[in-house]
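Numbering (the working numbering), first residue to last: 136 to 373. To start, the structure itself, in structure tokens.
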């Protein structure tokens with residue numbers, strides 16, 4: 136990752152305020168233009184705590200502020216312009232029916248997803264955007280995403296400050312974590328899809344019932360009309 140190494144060398148030459156500014160920016164921008172190596176950069180920036188360049192609590196505060204502000208920006212982007220952007224983009228997998236399902240899903244699980252969003256690498260921008268489209272309450276959303284961002288940022292910044300110059304081990308930890316989360320999400324999606332398919336199949340195989348829950352009685356076969364004797368033709372009488 137040549138780009139990451141170049142960024143790291145550049146960060147080492149910045150004054151403390153410059154480091155804080157970069158930390159805020161990378162945490163903010165990942166919610167708008169994913170994917171972004173924000174966690175890796177935050178991990179390295181945290182190693183500067185051991186050298187006295189920056190301090191732990193200000194770093195956590197700046198990172199959390201950037202994360203929350205970026206989340207809220209994407210949230211209101213989805214809230215105010217999400218439907219129009221979906222119609223303009225005309226993505227084949229975002230039909231009106233699928234958007235209704237997204238709304239229903241966020242209406243049921245949305246706030247739990249907001250709490251977990253910082254721990255779901257690669258999905259943060261998508262979650263914040265669709266949370267806005269689903270009209271979740273802004274105040275509740277802000278509080279929950281702040282809790283999520285604070286918990287995640289404390290963990291990553293502590294890891295970076297603890298590892299110091301051995302921050303490469305932190306990169307391996309984050310990479311393995313991302314792989315584990317991706318596999319877990321894939322398994323959950325497969326289980327949900329298979330469960331839905333089995334439910335639809337069982338519903339098709341069930342006999343129809345009346346509104347009272349009883350199976351309709353079998354109707355006797357309709358009687359065939361009796362055959363009429365052939366009409367006598369004139370001239371047949373002797």
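Glycine residues also receive a C-beta, built at the ideal position from the N, C-alpha and C atoms. None of the values given here were measured: they were computed from a predicted structure.
If you draw a straight line from the Cα of residue 293 to the Cα of residue 205, it is about 22 Å long. Residue burial is scored here from C-beta neighbours: residue 305 has at least 16 other C-beta atoms within 10 angstroms and is therefore classed as buried. Note that the C-beta distance between residue 183 and residue 161 is not below 8 Å. Under the three-state reduction of DSSP, residue 174 is assigned to helix. Residue 171 holds the alpha-carbon nearest to the alpha-carbon of residue 256 among 171, 272, 142.
The three-state reading of DSSP puts residue 340 in helix, counting H, G and I together. The segment 312 to 327 and the segment 202 to 217 do not touch, with fewer than three beta-carbon pairs separated by less than 8 Å.
Under the Cβ criterion (8 Å, minimum of three pairs), the segment 253 to 271 counts as touching the segment 302 to 319. By the beta-carbon neighbour count (other beta carbons within 10 angstroms, threshold 16), residue 214 is buried. Between residue 181 and residue 291, the gap from beta carbon to beta carbon is short of 8 Å. Two segments are said to touch when three or more pairs of C-beta atoms, one from each, lie closer than 8 Å; by this definition the segment 259 to 272 does not touch the segment 147 to 159. Check the Cα spacing between residue 143 and each of 163, 173, 167, 196: the tightest is with 173. When DSSP states are grouped into helix, strand and coil, residue 258 belongs to the coil group. Contact between residue 191 and residue 296 holds: their C-beta atoms lie close to 6 Å from each other, under 8 Å. With 16 or more other Cβ atoms from the protein chains shown falling within 10 Å of its own Cβ, residue 263 counts as buried. Residue 273: member of the alpha helix (DSSP H) spanning 273 to 298, first to last residue.
Look at residue 269 here: in three-state DSSP terms it is coil, with no helix or strand label. The beta carbon of residue 285 sits closer than 8 Å to the beta carbons of 195, 199 from its chain, once the five residues preceding and following it are set aside; these are given in chain order.
Residue 193 carries a helical assignment under DSSP once its states are collapsed to helix, strand and coil.
Looking at the backbone, the Cα of residue 280 and that of residue 241 are separated by about 15 Å.
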